[in-house]
Amino acid sequence: MVGLLFNFFCVSNFGLCCFNLGEVERCLKKVSEGTEAFEEIWQKVQNATNLNQKEKYEAELKREIKKLQRLREQLKTWATSSDVKDKDLLRENRKLIELQMERFRVVEKETKTKAYSKEGLGQAFKIDPETKEFERCREWLNEALKNLDLQIDACESQCEALYAGSKKKKLDKDKQDRVDELAIRRDKHRYHISQLEVI
Numbered sequence: 001m002v003g004l005l006f007n008f009f010c011v012s013n014f015g016l017c018c019f020n021l022g023e024v025e026r027c028l029k030k031v032s033e034g035t036e037a038f039e040e041i042w043q044k045v046q047n048a049t050n051l052n053q054k055e056k057y058e059a060e061l062k063r064e065i066k067k068l069q070r071l072r073e074q075l076k077t078w079a080t081s082s083d084v085k086d087k088d089l090l091r092e093n094r095k096l097i098e099l100q101m102e103r104f105r106v107v108e109k110e111t112k113t114k115a116y117s118k119e120g121l122g123q124a125f126k127i128d129p130e131t132k133e134f135e136r137c138r139e140w141l142n143e144a145l146k147n148l149d150l151q152i153d154a155c156e157s158q159c160e161a162l163y164a165g166s167k168k169k170k171l172d173k174d175k176q177d178r179v180d181e182l183a184i185r186r187d188k189h190r191y192h193i194s195q196l197e198v199i
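Take the working numbering: the last position of the sequence shown gets the number 199, and nothing is skipped along the way.
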């Protein structure tokens with residue numbers, strides 16, 4: 001057990017301070033537990049059927065986010081220490097807390113918006129973020145497919161122009177190379193279209 005406790009030293013405005021690996025592990029464990037608790041309460045807020053329940057759960061959510069914010073400050077302190085070599089785990093946990101903080105801000109704003117205010121009435125027509133993201137992706141895919149179709153048409157027209165400009169049955173080397181290049185590009189575009197259509 002003693003072997004697990006490695007001391008990290010960092011210099012601060014207050015002189016030399018010491019923290020051990022056990023403290024870091026405990027803090028990371030608290031972050032994990034805190035985010036799980038936050039998630040559970042957040043689900044309760046989302047599923048609340050009346051305003052009183054929602055406000056009660058929001059108060060619990062606020063207490064949980066305060067705990068997470070204190071842990072975040074501790075993680076930031078350790079992450080800025082030059083003696084801590086592997087800071088990735090600290091950064092990941094800090095970002096996880098910041099994500100929960102952002103989610104809390106959204107819940108808090110929703111609760112503060114009165115149901116019959118202009119903003120509250122306008123929210124009924126808002127699309128949830130998941131649907132909005134799905135629609136954005138769908139539009140991007142449709143646009144990409146349209147662009148690829150246009151590029152295929154352009155390749156085919158260039159090939160036809162090269163054949164039409166040649167009086168011989170066989171093209172000269174430069175024109176044949178260009179036709180081959182356009183055919184490869186057209187085939188790649190068709191492949192990409194088939195892959196995008198799978199999505």
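Using N, Cα and C, we set each Cβ at its ideal position, and we do this for glycine too.
Based on Cα-Cα distance, which residue from the options lies nearest to residue i?
| i | options | result |
| --- | --- | --- |
| Asn93 | Val179, Ser82 and Leu71 | Leu71 |
| Gln151 | Ile184, Gln46, Glu39 and Leu171 | Ile184 |
| Cys159 | Leu28, Ile41 and Lys175 | Lys175 |
| Ile199 | Gly34, Asn142, Cys155 and Arg186 | Asn142 |
| Gln46 | Lys132, His192, Ser157 and Thr111 | Thr111 |
| Tyr191 | Glu156, Cys137, Asp149 and Glu130 | Asp149 |
| Leu75 | Gln195, Glu39, Glu25 and Asp177 | Glu25 |
| Ile193 | Glu73, Trp140, Leu61 and Leu28 | Trp140 |
| Ala154 | Glu40, Glu181, Leu21 and Val106 | Glu181 |
| Arg105 | Glu33, Leu145 and Leu61 | Leu61 |
| Ala144 | Glu108, Ala164 and His189 | His189 |
| Lys85 | Lys173, Leu21 and Thr131 | Leu21 |
| Leu23 | Leu51, Thr77 and Asn52 | The residue you asked about is not Leu; residue 23 is Glu in the sequence shown. It is Thr77. |
Grab me the residues of residue i's own chain with a C-beta within less than 8 Å of its C-beta, minus the 5 sequence neighbours each way, in chain order.
| i | result |
| --- | --- |
| Ala79 | Lys87, Leu90, Arg91 and Arg94 |
| Thr35 | Leu68, Leu96, Ile97 and Gln100 |
| Cys137 | none |
| Ile41 | Tyr57, Glu60, Leu61 and Glu64 |
| Val107 | Trp42, Val45, Glu58 and Leu61 |
| Leu171 | Leu162, Tyr163 and Val179 |
Between which two residues does the alpha helix (DSSP H) carrying residue i extend?
| i | result |
| --- | --- |
| Asp187 | Lys173 to Val198 |
| Ser157 | Pro129 to Gly165 |
Spatial neighbours of residue i within its chain, please: CB distance less than 6 Å, with the 5 preceding and 5 following residues excluded, ordered by chain position.
| i | result |
| --- | --- |
| Glu197 | none |
| Gly165 | none |
| Phe38 | Glu64 and Gln100 |
| Glu133 | none |
Going by beta carbon distance, what residues of the same chain come within less than 7 Å of residue i, once the five residues before and after it are set aside?
| i | result |
| --- | --- |
| Lys30 | Leu71 |
| Asp187 | none |
| Ala48 | Lys54 and Tyr57 |
| Arg178 | Leu162 |
| Glu156 | Arg186 |
| Lys66 | none |
| Lys167 | none |
| Glu130 | none |
Regarding residue i and the ligand GDP, is the C-beta to nearest heavy atom distance less than 7 Å?
| i | result |
| --- | --- |
| Glu181 | Absence of the ligand GDP is noted for the structure shown, with no ligands found whatsoever. |
Residue ranges of each alpha helix (DSSP H) within the segment 47-90, 4 or longer: Counting whole runs of 4 or more residues, the segment 47-90 contains the alpha helix (DSSP H) stretches 51-80.
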